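Chemist: Before I ask anything, here is the structure I am working with.
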Amino acid sequence: MMADLEGIKSFLYAWLQKNQKKTPEYTFLQRSLRVDGVDYVGVGNSANKKDAQTNAARDFANYLVRQKLLDEGQLPCVLPSEYSGGSEVKVSPYTSVPDVHLPPQSMPLLGTKRPFEPRAMGPGDNYINRIFDQKKLEEAEEVDFTADIHGGWSLENAKARLNEYLQATKQQIGLVKYTAVGPDHNRSFLAESTVFAKRLNKQLYARETGSNKVMASRACCLSLVRQLYHAGEIEAYTGESKKRKSDEPPTTDPSSSEEHNMIVHYKLADFEPQERQSAQNYLEEHNQCIASPEYSTLLAERSALPVHNFKAKILETIQNNQVTLIKGETGCGKTTQVPQFILDSFIESGNGANCAVLVTQPRRICAISLAERMAVERCESIGTSVGYSVRFETVLPRPFGSVLFCTVGTMCRKMEGGLRGISHIVIDEIHERDVNTDFMLILIRDMIQANRDLRVVLMSATIDTTTFTDYFGDCALVELEGRTHPVTYYFLEDCVNMIKYVPPPMDERKKKKRKMEDEAGADAEENCNLICPPEYPPLVARSLREMPEKEIPFTLIAGLLDHICAMNVEGAVLIFLPGWNIVLSTNIAESSITINDVVFVIDSCLARIKMFTARNNLTSYSTVWASKTNLEQRPHATPEILRTPLHELALMIKLIRLGDVSAFLKKAIQPPPLDAVIEAEYTLRGECSLTLHHSSFAH
């Protein structure tokens, strides 16, 4: 039991003044405690500011004990021994702090391996308190000490008398207007009604509140009846007045030795009890799964992937390094297997409860599909050891010994409450370099400096190892050799020669337009279709010259599909087209989804990217040629942070309280230009989303 709720706050204030010469600063909206010069934020949640401060102070004091800056014995009695055991509390590390009202000491620090401490007020306690307060409120509403001065009219007899009066004066009965007040968990009702008093020749109005509609209606009727009584419209109550037990103040004899029972009886909802689950169960479930024939079949398929040959090297590298780069060709199995390697190694070593892997994906369909695929490979249903979290849809796995797939944007939103309890962060398709990925990399680089137990894995098929090695400093590289299937490349000349393709004749309008474009763009990019290697027949060279380079050759793609169908080869065809949402595929197939039965891939070598001009604050989309690196997995050469507006990113930086926008973005792999940052802040100030005080350039 906590003896003194204020003890921990006063103790922490005195200790900081004596040892650090610093003063703690509490933030009520964020329920956090910060101290200048200390890279830790104490978090506290409660229904009021006072308890939130106490919980935040308790969390910060626990941090000082863990860092051996403070002796546990010095803490006041408000903090019981945090390592003394107690009931186990399940908290999912994948849930951000503001979304669930859990005490901070029940949430493990990022990467730490400390047990859970006895908690303070939690959701269950708040529920019981609300029931108790509701009962006390209902009892207090029925208490009436002033009935005698209002003619004896009370809640029990007022409504019946009002209905009699309305019937006698030929007025409509039951005209009461109800208005709900407050949130769902603490809702009350406002009742309003009027009655016409003939003697006064005026409308009498009553407006009363109650914990429910019935009580509000009774109170409103009572007010009208008492007004009618004082106006001389009705007589005083002459019947027997029942004395309620709650109307009589309790009397106690101080000298009595009789025991008083203070137990309050009230009804609660019938909840199903949840049995405690030991982490040892995870190992038993894993062993049972391994013994099943279905798992053995799936394991044989997984073992055939090239990444399986590097399992020992991957695990050793991740264990010995905070940041690991994994470069493997498309289809080698790195996305689905590396997180399972990590999870299974923890479970097999008896340490499965300390493993929580967070895997980011650039698109929501990838996160959902990969989570479902991994659950199938583990012979489980989704939500057991594998889950996913995307916008508007979340299936969380068990709290410990699990893998969560999420989009990069979802992870950025979870950063608002901090990532606690996560042991590994796997960033897949790191080559995408979208604005959220670059933002997250800045945060992760700061996180690994503050928490040495956190492990970060960066994966891609076309990763620029030099860029990320320079950015993270000391990081290891694992290159996965071999690919699942051999790939044969056919270029434009080969396709034209193979199907004997002849472009359809252009009409006069298209010829005139093409001639004007050629004259206007004489100094523009060279038309590569005019160049044909000498080893190809003259027919191929003539066909290439007649093909407009800036147009997608749909007739050629159709001819290739006819040629593929004539080959009678079983399998699917994957086609890349720029900017189309529903064709055989857009750039969605560049991500971690690998389609097993794809035999032919037709690539238009074009990409549609978003461009941003800071000068005129204009966003546009352009179709550009893909580079040679693009053709391997089609990443965009320019990071999105350099070609997109920074308004949302600036707001996110301020929301998470990361300081100055310009200073924070300077820590990016490729910082955006200063004028783009200024333009973003200027736009936000114009929309009143950012004040001058919060701006980086307040001058």
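When we follow UniProt numbering, the leftmost residue of the sequence shown carries the number 1, and every step to the right adds one. Backbone N, C-alpha and C define an ideal beta-carbon position, used for all residues, glycine too. Quantities reported herein were computed from a predicted structural model and do not represent experimental measurements.
#1: From the DSSP output, in three-state form, read off LEU458 for me.
#2: Might you give, ordered along the chain, the residues of its own chain that have their beta carbon closer than 8 angstroms to the beta carbon of GLU348, omitting 5 neighbours on each side?
#3: What is the rounded straight-line gap between the Cα of ILE173 and the Cα of LYS135?
#4: List the whole-angstrom C-beta distance separating ALA236 from GLY152, where the pair is believed to meet the contact cut-off of C-beta under 8 angstroms.
#5: How would you write the range of the beta strand (DSSP E) that LEU658 sits in, first residue to last?
#6: Let me make sure I understand the geometry here. Which of ARG199, ALA216, LEU200 has the alpha-carbon closest to that of ALA206?
#7: Does the contact criterion of 3 or more C-beta pairs under 8 angstroms hold for the segment 416 to 424 versus the segment 454 to 462?
#8: Does MET506 pass the burial test, meaning 16 or more other C-beta atoms within 10 Å, or should it be called exposed?
#9: Could you spell out the range, first to last residue, of the beta strand (DSSP E) harbouring TYR178?
#10: Any idea if CYS528 is buried or exposed, counting beta-carbon neighbours within 10 angstroms, 16 or more meaning buried?
#11: PHE554 lies in the alpha helix (DSSP H); which residues open and close that run?
#12: What's the call for PRO293, buried or exposed, on a 16-neighbour Cβ count within 10 Å?
#13: What's the call for PRO108, buried or exposed, on a 16-neighbour Cβ count within 10 Å?
#14: For GLU372, tell me which candidate among ASN354, ASN497, PRO397, PHE392 has the shortest Cα-Cα distance.
#15: Please determine, among TYR229, LEU530, GLY333, LYS22, the residue with the shortest C-alpha to C-alpha distance to LEU200.
#16: Is it buried or exposed for ASN309, if we count other Cβ within 10 angstroms and need 16 for buried?
#17: In whole angstroms, what separates the C-alpha of THR297 from that of ASN451?
#18: By Cβ distance below 6 angstroms, which residues in the same chain neighbour ARG226 in space, the five residues on each side in sequence not counted?
#19: Just how far apart, CA to CA, sit ARG161 and SER188?
#20: Run through DSSP, which three-state label would GLN17 get?
#21: Do you know offhand how far ALA197's Cα is from SER32's?
#22: Once DSSP output is grouped into helix, strand and coil, what is the label at SER402?
#23: Are the CB atoms of ILE444 and PHE405 nearer to each other than 9 angstroms?
#24: Terminal residues of the continuous beta strand (DSSP E) containing GLN361?
#25: Nearest to ARG364 by CA position, among ILE531, GLY387, GLU648, is which residue?
#26: Which ranges does the beta strand (DSSP E) cover as unbroken runs of at least 3 residues, wholly within the segment 409 to 444, from first to last along the chain?
#27: Assign PHE554 to buried or exposed, taking buried as 16 or more other Cβ atoms, counted over all protein chains shown, within 10 Å of its Cβ.
#28: Rounded to the nearest angstrom, what separates PRO671 and PHE468 at their Cα positions?
Modeler: In short, the structure shows the following:
#1: Here residue 458 corresponds to residue number 458 of the sequence shown, with the count starting at 1. Three-state result, LEU458: strand.
#2: What you label residue 348 is simply residue 348 of the sequence shown in a count that begins at 1. Same-chain partners within the cutoff: LEU283, HIS286.
#3: For this step, residue 173 is matched to residue 173 along the sequence shown. For this step, residue 135 is matched to residue 135 along the sequence shown. Roughly 30 angstroms between the two C-alpha positions.
#4: Translated into positions along the sequence shown, residue 236 becomes position 236. Translated into positions along the sequence shown, residue 152 becomes position 152. Contact flag correct, Cβ pair sits at about 6 angstroms.
#5: On the sequence shown, position 658 is the one that residue 658 refers to. Element bounds for LEU658: n/a, residue is neither H nor E.
#6: The sequence position of residue 206 within the sequence shown is 206, counting from 1. When only C-alpha atoms are compared, the closest one is ALA216.
#7: yes
#8: As a working mapping, residue 506 is identified with position 506 in the sequence shown. By the 10 Å Cβ count, MET506 comes out exposed.
#9: As a working mapping, residue 178 is identified with position 178 in the sequence shown. Element bounds for TYR178: 177 to 181.
#10: Within the sequence shown, residue 528 is the residue found at index 528, counting from 1. Per the 10 Å Cβ criterion, exposed.
#11: Here residue 554 refers to the residue found at position 554 of the sequence shown. From DSSP, the alpha helix (DSSP H) with PHE554 extends over 554 to 567.
#12: The residue given as residue 293 occupies position 293 in the sequence shown. Answer is exposed; the Cβ neighbour count stays below 16.
#13: As a first step, residue 108 is located in the sequence shown; it is residue number 108 there, counting from the start. For PRO108, the pLDDT reaches just 37, beneath the cut-off of 50, and the residue's location in the model is therefore unreliable, leaving the point undetermined.
#14: Against the sequence shown, residue 372 aligns to sequence position 372. Among ASN354, ASN497, PRO397, PHE392, the Cα nearest to that of GLU372 is on PRO397.
#15: On the sequence shown, position 200 is the one that residue 200 refers to. LEU200 has its Cα closest to that of TYR229, out of TYR229, LEU530, GLY333, LYS22.
#16: Start at 1 with the first residue of the sequence shown, and residue 309 comes out as number 309. Looking at its Cβ environment, which holds fewer than 16 other Cβ atoms inside 10 Å, ASN309 is exposed.
#17: Against the sequence shown, residue 297 aligns to sequence position 297. Against the sequence shown, residue 451 aligns to sequence position 451. Those two C-alpha atoms are separated by around 39 angstroms.
#18: Translated into the one-based positions of the sequence shown, residue 226 becomes position 226. Within the same chain, ARG226 has close Cβ partners HIS150, TRP153.
#19: Here residue 161 refers to the residue found at position 161 of the sequence shown. Here residue 188 refers to the residue found at position 188 of the sequence shown. If I take the Cα positions, the gap works out to 25 angstroms.
#20: As a position in the sequence shown, residue 17 is number 17, starting the count at 1. Note: GLN17 maps to helix in three-state DSSP.
#21: On the sequence shown, position 197 is the one that residue 197 refers to. On the sequence shown, position 32 is the one that residue 32 refers to. So the two alpha carbons sit approximately 57 angstroms from each other.
#22: Within the sequence shown, the letter at position 402 stands for residue 402. SER402: strand per DSSP, three-state reduction.
#23: Here residue 444 refers to the residue found at position 444 of the sequence shown. Here residue 405 refers to the residue found at position 405 of the sequence shown. Contact flag unset, no.
#24: Taking the first residue of the sequence shown as 1, we reach residue 361 at position 361. 356 to 361 is the span of the beta strand (DSSP E), which, as asked, contains GLN361.
#25: Numbered from its first residue, the sequence shown carries residue 364 at position 364. Measuring from the Cα of ARG364, the nearest candidate turns out to be GLY387.
#26: 424 to 427
#27: In the sequence shown, residue 554 corresponds to position 554, counting from 1. That one is exposed.
#28: Residue mapping note: residue 671 aligns to position 671 of the sequence shown, counting from 1. Residue mapping note: residue 468 aligns to position 468 of the sequence shown, counting from 1. Straight-line Cα distance between these residues: approximately 14 angstroms.
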